[in-house]
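Enquirer: Residue numbers (my numbering): 2 to 393.
#1: Run through the stretch 133-193 for me and flag every whole beta strand (DSSP E) of 3 or more residues, listed as ranges in chain order.
#2: So within the stretch 252-340, which uninterrupted alpha helix (DSSP H) runs reach at least 4 residues, ignoring any that extend past its ends?
#3: Going by DSSP, what residue range makes up the alpha helix (DSSP H) through residue 35?
#4: Can you tell me which of the three DSSP states residue 56 falls into?
#5: What are the boundary residues of the alpha helix (DSSP H) that residue 233 is part of?
#6: What would DSSP say about residue 130, mapped onto helix, strand or coil?
#7: How long is the line joining the alpha carbons of residue 281 and residue 190, rounded to whole angstroms?
#8: Where does residue 376 fall in DSSP's three states?
#9: Per DSSP, what kind of secondary structure is residue 222 in: helix, strand or coil?
#10: In three-state terms, what does DSSP make of residue 23?
#11: When DSSP labels each residue in this structure, what does residue 18 get in the three-state scheme?
#12: On a CA-only basis, which of 278, 232 and 154 is nearest residue 358? Give me that one, please.
#13: Looking at the structure shown, is residue 10 part of a helix, part of a strand, or coil, going by DSSP?
#14: For a minimum of 3 consecutive residues, which ranges assigned as the beta strand (DSSP E) are wholly contained in the stretch 66-137?
#15: Below 7 angstroms between beta carbons: does that hold for residue 37 and residue 25?
#16: How would you label residue 328, buried or exposed, when you count the other beta carbons within 10 angstroms and need 16 or more for buried?
#17: Under 6 angstroms Cβ to Cβ from residue 78, same chain only, skipping five residues before and after it: list those, please.
#18: What do you get for residue 438, buried or exposed, if any count of 16 or more other CB atoms within 10 angstroms of its CB means buried?
#19: Taking DSSP as the reference, what is the three-state secondary structure of residue 369?
#20: Suppose contacts are defined by Cβ-Cβ distances below 7 angstroms. Is residue 88 in contact with residue 68 by that definition?
#21: Going along the chain, which residues of its own chain have a beta-carbon closer than 6 angstroms to the beta-carbon of residue 225, five neighbours each way excluded?
#22: Between the alpha carbons of residue 1 and residue 216, how many angstroms are there, rounded?
#23: Thinking C-beta only, is residue 229 closer than 7 angstroms to residue 270?
#24: Is the distance from the Cβ of residue 53 to the Cβ of residue 92 below 7 angstroms?
#25: Reducing DSSP to helix, strand and coil, say where residue 216 ends up.
#26: Please state the DSSP three-state secondary structure of residue 202.
#27: Buried or exposed: which applies to residue 108, given that a residue is buried once 16 or more other Cβ atoms fall within 10 Å of its Cβ?
#28: Nearest CA to the CA of residue 206: which residue from 331, 232 and 345?
#29: Excluding the five sequence neighbours on either side, which residues of its own chain have a C-beta within less than 7 angstroms of the C-beta of residue 158, listed in chain order?
#30: Per DSSP, what kind of secondary structure is residue 345 in: helix, strand or coil?
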């Protein structure tokens with residue numbers, strides 16, 4: 002009885018930690034905000050409670066410690082916090098029902114994003130505006146967020162969460178509501194690549210629901226598991242092609258469609274030396290020259306800031322997760338995580354769990370049991386004579 006209460010309280014502590022961080026991000030706050038940092042430190046205490054009162058197997062503990070140490074090296078060298086946040090958030094996921102966490106995350110995300118947008122429209126929060134046509138007054142808006150991509154990504158994740166938690170009864174209502182939301186986000190930000198990916202997500206979902214038969218699904222879904230390898234290959238191939246063919250019309254158009262990403266990635270990949278554990282923040286400041294732009298590609302960003310070791314770990318981990326989802330026939334989880342692997346070619350956010358909760362699925366690579374759709378901590382197969390509790 003005491004163990005059951007302890008496990009329940011540990012899960013509640015994790016929910017408090019994670020949903021608090023989701024709410025802060027959905028409100029448009031970031032680590033350069035004092036309120037954000039103060040609440041973040043408090044929420045870490047709840048995460049610590051969850052980890053301390055969780056029983057880990059020796060193999061799980063070894064993997065967690067390795068990931069935290071590697072992400073800490075990246076944080077100390079390059080001031081990159083995302084991977085450290087991902088490592089500690091995933092470490093606390095053991096025994097957590099991912100689907101249930103997503104239901105609560107959706108409502109926190111939706112409410113806090115609505116507050117940010119409404120507050121911006123009413124003049125309480127800053128709205129960075131880019132005038133497109135001075136005559137017509139057409140302009141793009143950030144509506145309380147730091148830039149256009151951040152606004153669009155928040156709306157994309159709300160749509161993805163809504164689809165996910167309603168997948169069993171998915172119908173015309175969900176299709177209409179998510180399309181209205183994403184059209185509004187596109188109209189505000191003009192994020193072409195993200196908008197196209199949204200339609201790509203619905204295309205795969207419609208295939209799953211109405212087109213593909215069971216035998217065909219098995220062959221088709223094998224391709225989804227290759228998404229991390231394909232995208233990391235393109236992430237380094239495309240900047241190389243830009244280096245060789247940058248002055249040609251077709252490469253110019255590709256770079257323009259990707260809003261200059263190929264030029265920026267090419268610039269940084271030439272500038273930064275090969276490292277196992279990433280370059281330093283000081284190197285970036287002293288050598289980046291006048292560019293100083295966000296890379297907007299998760300794979301290249303990991304390589305630059307955390308090194309090739311962390312990049313290999315992430316790509317193999319993402320592939321292994323997709324394979325597990327494939328074999329367990331968790332189709333919607335497979336589709337959404339594969340889509341976000343593709344999105345990682347165009348944005349850095351997919352490994353930040355407080356922005357993209359689907360990153361927490363990577364915990365399933367470490368933990369056995371019912372992480373994705375399990376009902377209870379006690380029903381997990383993790384409890385055995387070899388388990389180790391930090392608390393004990």
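In this text, a Cβ means the ideal position worked out from N, Cα and C, and glycines have one as well.
Expert: Working from what's here:
#1: With a minimum length of 3 residues, the continuous beta strand (DSSP E) runs that stay inside the stretch 133-193 are 139-142.
#2: Counting only runs of at least 4 residues, the stretch 252-340 fully encloses the following alpha helix (DSSP H) elements, listed from N- to C-terminal order: 262-272, 282-288 and 299-329.
#3: Unbroken alpha helix (DSSP H) run through residue 35: 35-53.
#4: Residue state, collapsed to three classes: strand.
#5: For residue 233, the enclosing alpha helix (DSSP H) begins and ends at 228-246.
#6: In the structure shown, residue 130 falls within a strand segment according to DSSP collapsed to helix, strand and coil.
#7: So the alpha carbons of these two residues sit roughly 32 angstroms apart.
#8: In this prediction, residue 376 has a pLDDT of 42, which is less than 50 and means its spatial position is unreliable; nothing more can be read from the coordinates.
#9: It is helical.
#10: Correct three-state label for residue 23: helix.
#11: DSSP places residue 18 in helix when its eight states are reduced to three.
#12: Closest by C-alpha distance to residue 358, out of 278, 232 and 154, is 154.
#13: Collapsing the DSSP output to three states places residue 10 in a helix.
#14: Look at the stretch 66-137 and you find these whole runs of beta strand (DSSP E), each 3 residues long or longer: 130-134.
#15: In this structure, residue 25 lies closer than 7 angstroms to residue 37 by Cβ.
#16: Exposed: under 16 other Cβ atoms inside 10 Å.
#17: Closer than 6 angstroms at Cβ, skipping near neighbours: 279 and 281.
#18: Beyond the ends of the chain as shown, which are 2 and 393, falls residue 438; an answer cannot be given.
#19: In the displayed model, residue 369 falls within coil according to three-state DSSP, outside both helix and strand.
#20: It is a contact, given that the beta carbons lie within the stated cut-off.
#21: 335 and 339, listed in sequence order.
#22: Residue 1 falls outside the range modelled here, since the chain spans only 2 to 393, and no answer is possible.
#23: Contact flag unset, no.
#24: Note that the C-beta distance between residue 53 and residue 92 is not below 7 angstroms.
#25: Looking at residue 216 - three-state DSSP - the assignment turns out to be helix.
#26: Residue state, collapsed to three classes: helix.
#27: By the beta-carbon neighbour count (other beta carbons within 10 angstroms, threshold 16), residue 108 is exposed.
#28: Checked all of 331, 232 and 345; the closest Cα to residue 206 is 331.
#29: Once the five neighbours on either side are set aside, the close Cβ partners of residue 158 are 110, 356 and 357.
#30: In the structure shown, residue 345 sits in coil (DSSP, three-state: anything other than H, G, I, E or B).
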